[in-house]
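In what follows, a single structure is set out as structure tokens and then discussed.
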Amino acid sequence: MISQFFILSSKGDPLIYKDFRGDSGGRDVAELFYRKLTGLPGDESPVVMHHDGRHFIHIRHSSLYLVVTTSENVSPFSLLELLSRLATLLGDYCGSLGEGTISRNVALVYELLDEVLSQKNEVFLDVVERLSVLIASNGSLLKVDVQGEIRLKSFLPSGSEMRIGLTEEFCVGKSELRGYGPGIRVDEVSFHSSVNLDEFESHRILRLQPPQGELTVMRYQLSDDLPSPLPFRLFPSVQWDRGSGRLQVYLKLRCDLPSKR
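Quick look at the structure:
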């Protein structure tokens, strides 16, 4: 759909250039756009321009021009909305959207463009865990709770079937034992409505046909009985100054994970 995306300064200097199709004339297209833009009379230039079978759609944000080109019959309103949201996204990540911030964050901008605009058959799978711990004043554990999620971001065509295999030793509940190892146990588990569980009990395989975008494939929870030590230790110190009536609390956190992780 999109042939090119580029960001120009107020003087027409290309700050960012991304060619998605490789058949659009290279960086000369950015120069062509700026010449046509500055050659128009008046200060109000049209946001949609046409030249030699190519459509230019742009917005102006601060002193920058954000431009997409396409040779297809695409609604300009959808591309203008895309540019507006992209400007907001870049501003959020860079702190603000200007020539200086773009120049200082070129690698980050290209990474965001690859994720937002590139149409590749890619899948990203993340395991995100939140650890809540209640620790006594002597450093002993009183309560531990782990809440985890398996998050999927899919850029595959809608309807593509995917199979996610968990380890055979994955157990749900304290009474279930599987495999010959110590097992990976959780207390509770829930799945997205699109997940097919026909092979989960026998082979620990999750089948699904995810739409494009993000979804949480599985949520799980584990309390108290952790299979391994905590990745950190907390050393509290409490001091009471009677003269000033001030209570001072010092917390020393030590991470026991190897630095390479």
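Numbering-wise (full-length UniProt numbering), the sequence shown opens with residue 1 and increments by one.
Just so you know, even glycine gets a beta-carbon here, dropped at the ideal spot from N, CA and C.
Going along the chain, which unbroken runs of the beta strand (DSSP E) with 3 or more residues stay wholly within the region 57–143?
Fully enclosed beta strand (DSSP E) runs of 3 or longer: 64–70 and 123–135.
Would L152 and L125 qualify as a contact pair, given that the criterion is a beta-carbon distance under 8 Å?
Their beta carbons are under 8 Å apart, which means L152 touches L125 by this criterion.
Please identify the residue among A30, I59, G91 and H55 whose C-alpha is closest to the C-alpha of S75.
Closest by alpha carbon: H55.
Here's a check: name, in chain order, each residue in its chain whose Cβ is nearer than 8 Å to the Cβ of T216, leaving out the five neighbours to either side.
Hits under 8 Å: E149, I150, R151, L152 and H192.
Answer yes or no: do Q47 and I2 have a C-beta to C-beta separation smaller than 8 Å?
Reading off the sequence shown, one finds Val at residue 47, where the question assumed Gln. No, the Cβ-Cβ distance between V47 and I2 is not below 8 Å.
Could you check the C-alpha separation between D224 and K120 for me, to the nearest Å?
Spanning the two alpha carbons is a distance of roughly 42 Å.
Taking C-alpha atoms, which residue in R60, E188 and N196 lies nearest to G98?
It is R60 whose Cα lies nearest to the Cα of G98.
For chain D, check one thing: does any of its Cβ atoms lie closer than 8 Å to the Cβ of S62?
Included in the structure is just one protein chain, with no chain D present.
If you count every other CB in all the chains shown that lies within 10 Å of the CB of P157, and 16 or more means buried, which is it?
Exposed, by the Cβ-count rule.
How far does the alpha helix (DSSP H) with L37 in it reach, from first residue to last?
Segment D28 to T38, the alpha helix (DSSP H) holding L37.
Return the residue from the list E168, S71 and R21 that minimises the CA-CA distance to D52.
If we check each option's Cα against that of D52, S71 comes out closest.
Tell me which same chain residues have a C-beta within less than 6 Å of the C-beta of K143, skipping the five on either side of it?
The answer, listed in chain order, is L134.
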